[in-house]
Amino acid sequence: MPYLPQGARNCLLRGDRPALPGELNFLITDVVLRFLPESPRYADYNAAIGALECAKLELYRRMVAEYEDEKMNKHGDVYFMKGEGDV
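The sequence shown begins at 216 in my numbering and counts up by one.
Take a look at the structure:
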């Protein structure tokens, strides 16, 4: 959970770039909490989790997969087709 000192929270909310995973977590949590209505229902939580999941998948699809492909091409694939290489 994003339990940061108040000073760090204030800096992030003013627009400072998060430098640590906990700071990123704090900012994401802040956005989700602002999205949720005052009395959230299950559908609201479900919508928030769905948006987070889609954002995660899009980040992976657009950025991580390309990075992984570059490294696979540079260093070789670890998945072998049946009958190829020693497993």
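Quick reminder that beta carbons are idealized off the backbone N, C-alpha and C, glycines included.
Quick caveat: nothing in here was measured; it's all calculated off a predicted structure.
Of the residues Leu267, Gly237 and Phe295, the one whose Cα lies closest to the Cα of Pro217 is Gly237. Contact between Leu274 and Phe241 fails: their C-beta atoms lie close to 18 angstroms from each other, not under 8 angstroms. In this structure, the beta-carbon distance from Asp245 to Leu251 does not fall below 7 angstroms.
In the structure shown, the three-state DSSP call for Val293 is coil. DSSP places Tyr257 inside the alpha helix (DSSP H), whose first and last residues are Tyr257 to Leu274.
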